[in-house]
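These notes concern the structure reproduced below.
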Amino acid sequence: MIGLAFLSPWLLGFLAFTLYPVLATLYYSFTDYSLFGTPQWVGLDNYRELTHDSTFVQAFTNTLVFTALVVPLSIVLAISLALLLHRPARGLAAYRTIIFAPSIVPAAATAAIWMWLLNPQFGLVNGALRLFGAPTPPWLSDPDWAKVSVLLMSLWMIGSDMLLYLAALQDIPVDYYEAAAIDGASAWQRLRSITLPHLTPVMLFQLINALIWSFQYFSIPYIVGQQGQGKPAGSLNFYAVYLYKNAFSYLKMGYASAMAWIMFIVVMALTIIAIRTSNRWVHYAK
Amino acid sequence: MRSDLDEPVALRSGPRWRRQLALMPVALLFLIPLLWMISTSLKRHDQVFTWPPVLIPNPAQWHNFLDVLVKDGFGRYLLNTIALSTVVTVGTLFSATLTAYSLARVDWKWRNAAFLLVISTMLLPDFVTIIPLFSMYQKLGLVGGVPGFLPLVLPAWFGKAYFIFLMRQFMLGIPTELSDAARMDGCSELGILLRIVLPLCRPALLSVALFSIIATWSDVLQPLVYLRDEKYFTVSLGLAQFQGRYVTQWEQMLAAASVTAVPVLIVFVLAQKKFVRGISTTGIK
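The listed protein sequences correspond, in order, to chains A and X.
Counting in our numbering, the first sequence runs from 12 upward without gaps.
Counting in our numbering, the second sequence runs from 2 upward without gaps.
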């Protein structure tokens, strides 16, 4: 009883801020609801309409494309940085601080900083590219390059993922490497058969996190796409942005609720797939 | 930090200068955007558009910050954000401690089921709950104005799964002998929590507080939904809206970005060790 008593604030919060709204969203998703008046039951109409809504299809595709790019790139980058920052070196603590710091910069500030860095005429990035005679992309004014721009912003904020790998690297017993060195294993063989297998639990965690997060990716595409307009040419019309627009700009609460449930189901399905297939590639230390 | 001398054979690779050669450029790529933010924020408007760029503006235009803080309202936004983060963080510490104590230190029948329920809410996207919650707050008159802060504050007081998880993991690591002895002496569970467990939880409380402050500071979605009145904006929301208004005033925009980013960066540098430990033990941001 005493355990339940201590849990009761959370339980109340769970009922009011989680369970009720999850069920209410499901109900709204079958209604026409504009916030004013009562929801009108329309059955599956919202879901049917979504399949014909080209802006929805665009938002879904954009998010899938972005996910397919950002997930593998962030896993590779986080691991590479962790490997780089694992070996002792002079000033290592400072290097770790510097690479981690951007991950706590508020998203709105990240957007501001990079919109300026990537400015086609006066930005530092194109200035540097010009210096080397490299082609200068139009970045945020081109639909394809706009996604790359947002990708760069995400990768800049990779520090907290990197830290997870760093912690995992420190847990690998040194004897493994010593034994491998005695057996004459090359650096590449040591990486392949000792280091990477030990990092797979973190990879699974990062994978699930990234899948959940990418469907909810909101602040940066909202800001960079100019207050949710998805500019340029719908390129930054991401799932969460379009859901927000439907709910809070167009007040199509029922429609947005259907989007929310689809998001929920997709995220759940991806998580389950990731976990189910994980026993084939995730290695747990005995 | 280990010295190079006791470094294991297997980790050694190449001479020191080669490591610096690899580390330095990578670190610069991560650092330059922040330095460029500060540099731009201190420029005259016409210096922003020159090439080769002005690296260190002289004289520094500190009045850019004055403009942003006073004219553009970021001074107010800062105070709003500090007040909001404080109330959210106090609430988070309260709820996370109580819930984690129940899940880690009290033996009761449904404990594991309750823990699974707490954990499962972490997988739930915010967008699945935001619409009915908004509708509920709207009916209660809690959207916009000062009441608009309540929807941002309330959930924290009832507990967020991430923070509960972090506190629970930490509490599991505290030996039970002391609390068992106190229980024998007739001390109440609340007494044990307050007098024995809580003082030992200081590092975890600090991590939770830091994450909570940074999460509140950075959030755009919830303030965008609930804080309709410009007077009550947070810095992140102010900056998000700023970008629509002054597209070419880069020195002002980057000054506003500095006002938003530098306070969290300072907090981070001051409390770095606790922060890093928090992430390493739970894997959360």
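The beta-carbon is built from N, C-alpha and C at its ideal position, and this holds for glycine as well.
With a beta-carbon spacing of about 6 Å, Trp21 of chain A and Ser96 of chain X fall inside the 8 Å limit used to define contacts.
Under the 10 Å beta carbon count, Gln244 of chain X is surrounded by 16 or more other beta carbons and is classified as buried.
Taking 9 Å as the CB threshold, Ser86 of chain X stays off the interface with chain A. Trp37 of chain X and Trp251 of chain X have their C-alpha atoms spaced approximately 11 Å apart.
The beta-carbon separation of Val161 of chain A and Ile234 of chain A, rounded to 10 Å, does not stay under the 8 Å limit for a contact. Secondary-structure assignment with DSSP links Thr42 of chain A through a beta bridge to A:Trp52. Not one beta carbon of chain A lies nearer than 9 Å to the beta carbon of Ile83 of chain X. With its beta carbon at least 9 Å from every one in chain X, Arg291 of chain A lies outside the interface.
Taken through DSSP and simplified to helix, strand or coil, Met12 of chain A comes out as coil. A straight-line Cα-Cα distance of about 12 Å links Tyr266 of chain A and Ser260 of chain A. For Ile165 of chain X, the neighbours in chain A by C-beta distance under 9 Å run, in chain order, Trp21. Rounded to the nearest angstrom, the gap between the Cα atoms of Leu118 of chain X and Phe17 of chain A is 15 Å. In this structure, the beta-carbon distance from Phe171 of chain X to Ala114 of chain X does not fall below 9 Å. DSSP places Gly145 of chain X in the coil class of the three-state scheme, outside both helix and strand.
Pairing Val89 of chain X with Met274 of chain A gives a Cβ-Cβ distance that is not under 9 Å. By the rule that beta-carbons nearer than 9 Å mark a contact, Ser208 of chain X does not touch chain A. The contact set of Leu46 of chain A on chain X, defined by CB atoms closer than 7 Å, consists of Ser136 and Gln139 in chain order.
Proximity of chain X to Ile90 of chain A at the Cβ level (cut-off 9 Å) is not reached, the minimal Cβ distance being about 14 Å. Unbroken alpha helix (DSSP H) runs of no fewer than 4 residues, entirely contained in the stretch 97-141 of chain A, are found at 103-111 and 118-128, following chain order. Contact between Leu134 of chain X and Leu143 of chain X is ruled out by a C-beta separation of about 10 Å, above the 8 Å threshold.
Residues Met38, Thr41 and Ser42 of the same chain have their beta carbon placed closer than 7 Å to that of Leu255 of chain X, with the five preceding and five following residues left out of the count. Non-local beta-carbon contacts of Ile215 of chain X in its own chain, meaning distances under 7 Å to residues more than five positions away in sequence, involve Val265 in chain order. Bounds of any alpha helix (DSSP H) do not take in Glu231 of chain X, whose DSSP letter is neither H nor E. Between Leu99 of chain X and Leu194 of chain X, the C-beta spacing is below 9 Å. A Cβ-Cβ contact shorter than 9 Å links Tyr44 of chain A with Met264 of chain A.
Counted as a single uninterrupted DSSP element, the alpha helix (DSSP H) harbouring Gly170 of chain A occupies residues Gly170 to Gln181.
Interface annotation for the stretch 38-72 of chain X against chain A: Met38, Thr41, Val49, Phe50, Thr51, Trp52, Pro53 and Pro54, criterion Cβ-Cβ distance under 9 Å. Taking 8 Å as the Cβ-Cβ cut-off, the stretch 274-289 of chain A approaches chain X at Met274, Phe275, Val278, Met279 and Thr282, given in chain order. Straight across, the Cα-Cα distance linking Asn220 of chain A with Trp167 of chain A is about 17 Å. The beta carbon of Lys44 of chain X lies closer than 7 Å to those of Val55, Pro58, Gln62 and Glu252 in the same chain, with the five residues before and after it left out. A direct Cα-Cα distance of roughly 29 Å separates Ala280 of chain A from Phe159 of chain X. Any Cβ of chain A closer than 9 Å to the Cβ of Ser259 of chain X would place that residue at the interface, and such an atom is present.
Look at the beta carbons and you see the stretch 76-93 of chain X touching the stretch 219-238 of chain X: at least three pairs across the two are nearer than 8 Å. Looking only at A:Ala251, A:Val81, A:Val278 and A:Ile13, the smallest Cα-Cα distance to Lys110 of chain X is reached by A:Ile13. Per DSSP, reduced to three states, the secondary structure at Leu247 of chain A is coil, with no helix or strand assignment. For Leu135 of chain A, a Cβ of chain X is located within less than 9 Å of the residue's own Cβ.
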